[in-house]
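Take a look at the structure set out below.
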Amino acid sequence: MITFRRVVSGLLLLAVVCAASTAGVQASQPSEPEQLSEFVPIEDLPPQEELPAAPLLIAAYAFVWVALFAYVVSLSRRLGSVAADVQRLEREVKKR
Amino acid sequence: MSKWFFPASVACALMFAVSPILIANAPFESTMGLVQKISYYHMPSAWIFLIAAVVCGVASVRYLFGGGARHDRVAWAAAELVVLFGAMALVTGPLWARKAWGVWWQWDVRLTASLMGWMVAVAYILVRKYGGPGSDKLGAGLALFGMANVPFVYVSVNYWRTIHPKTTVVPTLPLSMGIPFWFSFAAFLLLFILLLRMRVRLEEQRAELDAVYLSLE
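Structural data, given as structure tokens:
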């Protein structure tokens, strides 16, 4: 049984994680670019400066699939648990 | 469960299995490249997020103005789906934005209103779960705010300067991008209908359980 206390502590934990990640994101945001005096060919830039798209794409699709799967499993478990309770109680009612 | 539920579930699973193939074969967008392919799941999940908020709001209005427990069950079920599909839109969006716009998040009107709509749905669920007697009416009132937010989210990009593209993007998609997009949207819509039915069934069973408990006393 999920208690209110657990939900509140979960929300507090989420807030702390969000605050920490926001600080991290702000630190990783690209700063104001310096004024250029010349154009630099892309081959000369270090490869780590290029943000690859594939991990972001995979992360997005993975999140959707995992979230859907988790929700369907949670819903099935809740349905199964309530159906079992209904059957058990109906048997008790018949016995009386 | 209804007769249509099982065949529709199989069709939905097949559609979700086929959608990555269609998306992989779709052409790359000229300025964003590979990362734009996130849109094929991001935009349908965002639309379903808004549709679910409208379903929750309409069912709540019906419940508040003389409707029965059936409308309340639909509203509660839809609110949970607002949280699910909203989370998908709010997570996949920043992953796309980081590469396309160079930022994870921006407090523009659409993003802020979307986050607000999602938080209203979370509040609805917390109120229903822990609010005690009368929380059904209070939750229905909250759902109205969630529904009122929906047109604001959708049209905001046309009235405020934002980095989000305008609403004209989807209607002007070329066929090669339009087919995977509308296919994904159909898959998400079918999934939403199936999950809504399952979630309403859970509430029906809970009501049945309460009735059996009452008959025991």
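Residue numbers (the working numbering), protein chains in the order written: chain A, -1 to 94; chain B, -13 to 203. Cβ coordinates follow ideal geometry from the N, Cα and C atoms, glycine included.
- Out of 102(B), 118(B), 177(B), the CA that lies nearest to the CA of residue 135(B) is found in 102(B).
- Residue 202(B) and residue 180(B) have their C-alpha atoms roughly 33 angstroms apart.
- With a cutoff of 8 angstroms on beta-carbon distance, residue 188(B) and residue 76(A) are scored as near each other.
- Note on geometry: alpha-carbon atoms of residue 153(B) and residue 163(B) lie some 16 angstroms from one another.
- The beta-carbon distance between residue 111(B) and residue 69(B), rounded to whole angstroms, is 7 angstroms. This is short enough to meet the 8 angstroms contact definition.
- Counting C-beta atoms within 10 angstroms of its own C-beta, residue 59(B) has 16 or more neighbours from the protein chains shown and is therefore classed as buried.
- If you draw a straight line from the Cα of residue 78(A) to the Cα of residue -12(B), it is about 17 angstroms long.
- Residue contact check for residue 76(A) against chain B: a CB pair falls below 8 angstroms.
- When C-beta distances to chain A are compared with 8 angstroms, the residues of the segment 181 to 193 of chain B below that value are 181, 184, 185, 187, 188, 191, 192, in chain order.
- One thing to note: residue 107(B) has its Cβ no nearer than 8 angstroms to the Cβ of residue 53(B).
- Taking a contact as a CB-CB distance under 8 angstroms, the pair residue 2(B) and residue 173(B) counts as one, their CB atoms being some 5 angstroms apart.
- The bridge partners DSSP lists for residue 19(B) are 15(B).
- For residue 83(A), the uninterrupted alpha helix (DSSP H) run begins and ends at 51 to 93, by DSSP.
- Nearest CB-CB separation between residue 2(A) and chain B: below the 8 angstroms threshold.
- Around residue 38(B), the same chain offers 64, 67, 68, 71, 178 as residues with beta carbons nearer than 7 angstroms, after the five sequence neighbours per side are excluded.
- Between the alpha carbons of residue 105(B) and residue 194(B) lies a gap of roughly 30 angstroms.
- With a cutoff of 8 angstroms on beta-carbon distance, residue 84(B) and residue 93(B) are scored as not near each other.
- In this chain, the alpha helix (DSSP H) harbouring residue 57(B) covers 55 to 86.
- Rounded to whole angstroms, residue 17(B) and residue 132(B) show a C-alpha spacing of 34 angstroms.
- For residue 41(B), the closest of 31(B), 57(B), 8(B), 50(B) by C-alpha to C-alpha distance is 57(B).
- The C-alpha of residue 143(B) is placed about 33 angstroms away from the C-alpha of residue 114(B).
- In the same chain as residue 124(B), and ignoring 5 residues on each side of it, the C-beta atoms closer than 7 angstroms to its own belong to 113, 117, in chain order.
- Contact residues of the segment 156 to 167 of chain B toward chain A are absent (C-beta to C-beta distance below 9 angstroms).
- About 6 angstroms separates the Cβ atoms of residue 81(A) and residue 191(B), confirming a contact at the 8 angstroms cut-off.
- Taken through DSSP and simplified to helix, strand or coil, residue -11(B) comes out as coil.
- Judged by DSSP in its simplified three-state form, residue 0(B) adopts helix.
- For residue 91(A), a Cβ of chain B is located within less than 8 angstroms of the residue's own Cβ.
- Ranked by Cα distance from residue 50(B), the first of 127(B), 119(B), 161(B) is 127(B).
- Spatial neighbours of residue 96(B) in its own chain (CB-CB distance under 7 angstroms, excluding positions within 5 residues in sequence) are listed in chain order as 139, 142, 143, 148, 150.
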